[in-house]
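**Q**
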């Protein structure tokens, strides 16, 4: 008889612990995985956006390209895990007017997750900081205008 009692004394608390602890641990691990997945997807969108801006700059910043306006439709996901996000750009202002500038793109989700991506630009770039890109906008685009003095003005459209 003492063996049966010892088994119950050991197994019942162990079973009780498994019933409570296992769902709690599984929920914590799942939440952490979902948050990591959102961060990676948002960072990929930010990197893609920064790469697109830099490629457009390198394409337009040539003497063969005449002055004018270009609107480039962005191919970014409208939502990440059902969360829309916003994008803002900020261009560094170095003390030397002829040095390169760094464009910092900041993407922020509705839940507060924020990531940044960088694009290297030339000294002839101006970034219009007022417009904010909404990911779920039907007309999400990047607008740039090149002037005859080779100045290039970027902004988000849509």
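In my numbering, the protein residues as written are 370 to 527.
Glycine included, every Cβ here is placed at the ideal spot set by N, Cα and C.
Out of 477, 482, 495 and 438, which has the shortest C-alpha to C-alpha gap to residue 466?
**A** 495
**Q** Could you name each continuous beta strand (DSSP E) segment of 3 residues or more that falls completely within the region 423–456, going from the start of the chain to the end?
**A** 437–442
**Q** What span of residues does the beta strand (DSSP E) with residue 477 cover, start to end?
**A** 470–478
**Q** Please confirm whether residue 489 and residue 473 have their CB atoms less than 8 Å apart.
**A** no
**Q** Around the Cβ of residue 377, are there at least 16 other Cβ atoms within 10 angstroms (buried) or fewer (exposed)?
**A** exposed
**Q** Please confirm if the region 474–481 is in contact with the region 444–459, defined as three or more CB-CB distances below 8 Å between the two stretches.
**A** Result yes; three or more Cβ-Cβ pairs closer than 8 Å.
**Q** Alpha carbon to alpha carbon, what distance is there between residue 526 and residue 427?
**A** 20 Å
**Q** Can you tell me which residues form a DSSP beta bridge with residue 512?
**A** 440 and 524
**Q** Below 8 Å, how does it come out for the region 437–447 and the region 509–516: are there three or more Cβ pairs, yes or no?
**A** yes
**Q** Return the chain-ordered list of same chain residues with a C-beta closer than 7 Å to the C-beta of residue 480, the five sequence neighbours on each side being excluded.
**A** 452
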